[in-house]
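Peer 1: This is the structure I want to talk about, given as structure tokens.
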Ligand code: NAP
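Next comes the structure, spelled out in structure tokens:
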């Protein structure tokens, strides 16, 4: 599959924590059957505890079939229906890394979840849905919003905890945020136009514009940082916020997989 920095970060993280990793770089021409046979061989290998399929897969490969081929015991991404089902039932399972990292972040900063009004904007399989399940498990009162939600701002403004994963650069503004709320910005959007950067960062745009000149893009979340900081109590930055935790949680899931596979009771 296409090389990218996402798998490199994961390999580096494995090295840092002492997990042996294997990277199977497959050509663009790989068929679903060839990928399935690789997954089957990794499923059956005793020395492999975790398998991660770097998504998105090229067009023509059936992503659902591939995800479902990974043994649930080695599914360190938590995308297999068995693990999704266990999470929905409140049973121990591998939890998708980004929402798991957000719970860690809230706990680390002693931000109360029990009884809080939590709103998750976005209902994807990798962020929104598992995020809502985890918050529910921790006794939050959870509302899930999506592209068909009527009057989004009226709903999000009720939330003590607002978690946004929609993939729309800076869409969540101050009218969406309850004063003092904790805002978790999962979005990772590339801005390539100076005018867009100016509009989102206002008087703080200078450093972002120099990144844009250097790299050709700058990363922004789904939350308008300039506006959010006028009302929110706390906000995770992009970059440097939730993204860093995702890889850390992958390491944690891999360790859990190794322990569970070796546990005899
Ligand atoms: P996704 O699969 O594209 O899902 C987007 C969700 O947002 C959908 O549920 C969609 O609603 C909803 N949505 C879209 N436009 C909306 C609007 N105008 N109002 C309300 N809801 C809207 O996205 P994803 O994979 O969850 O990713 C979301 C963002 O998080 C992306 O920027 C992605 O790059 C980022 N991300 C970051 C990390 C990290 O580690 N930091 C990890 C994963 C994803 P419908 O269901 O109705 O279409």
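Residue numbers (our numbering): 2 to 266. Backbone N, C-alpha and C fix where the C-beta goes; we use that ideal spot for every residue, glycine too.
Is residue 81 near the ligand NAP, with its Cβ less than 7 Å from a heavy atom?
Peer 2: Incorrect: residue 81 has no Cβ contact closer than 7 Å to the ligand NAP.
Peer 1: Indicate whether residue 80 and residue 62 have their beta-carbon atoms separated by less than 8 Å.
Peer 2: Cβ distance not < 8 Å, so residue 80 and residue 62 don't count as in contact.
Peer 1: Helix, strand or coil: how does DSSP classify residue 2 here?
Peer 2: With a pLDDT of 40 at residue 2, under the threshold of 50, the predicted position of this residue should be treated as unreliable, though the coordinate-derived value follows. Residue 2 falls in the coil class under three-state DSSP.
Peer 1: For the region 48-83, which segments carrying the alpha helix (DSSP H) assignment without a break, of at least 4 residues, lie completely within its bounds, in sequence order?
Peer 2: As far as the region 48-83 is concerned, its whole alpha helix (DSSP H) runs of at least 4 residues are 64-70.
Peer 1: Please state the DSSP three-state secondary structure of residue 264.
Peer 2: Of the three classes helix, strand and coil, the one that applies to residue 264 here is coil, per DSSP.
Peer 1: Below 8 Å on the Cβ atoms is my guess for residue 177 versus residue 157; work out the distance and round it to an integer in Å.
Peer 2: About 4 Å separates the two Cβ atoms, so the contact holds.
Peer 1: When the distance is taken between beta carbons, is residue 119 closer than 8 Å to residue 143?
Peer 2: In this structure, residue 119 lies closer than 8 Å to residue 143 by Cβ.
Peer 1: Is it buried or exposed for residue 264, if we count other Cβ within 10 angstroms and need 16 for buried?
Peer 2: Exposed, since its Cβ has fewer than 16 Cβ neighbours within 10 Å.
Peer 1: So, helix, strand or coil for residue 236, using DSSP?
Peer 2: Three-state DSSP puts residue 236 in a strand.
Peer 1: Is the separation between the beta-carbon of residue 255 and that of residue 50 shorter than 8 Å?
Peer 2: Closer than 8 Å, so yes.
Peer 1: Can you check which of these residues, 65, 236 and 26, is closest to residue 223 by C-alpha distance?
Peer 2: For the residues 65, 236 and 26, the minimum Cα distance to residue 223 belongs to 236.
Peer 1: So, at 6 Å on beta carbons, what are the nonlocal neighbours of residue 180 in its own chain, with the 5 sequence-adjacent residues on each side left out?
Peer 2: 232.
Peer 1: Output the distance between the C-alpha atoms of residue 253 and residue 13, rounded to the nearest integer angstrom.
Peer 2: If I take the Cα positions, the gap works out to 15 Å.
Peer 1: I need the straight-line Cα distance from residue 93 to residue 212, nearest angstrom please.
Peer 2: For residue 93 and residue 212, the distance between alpha carbons rounds to 42 Å.
Peer 1: Can you tell me whether DSSP reads residue 17 as helix, strand or coil?
Peer 2: It is helical.
Peer 1: Taking only runs that begin and end inside the region 98-158, name each unbroken beta strand (DSSP E) of 3 or more residues, in chain order.
Peer 2: For the region 98-158, whole beta strand (DSSP E) runs of length 3 or above, ordered along the chain, are 118-122 and 142-146.
Peer 1: Secondary structure at residue 192, three-state DSSP: helix, strand or coil?
Peer 2: The answer is strand: DSSP assigns residue 192 an E or B state.
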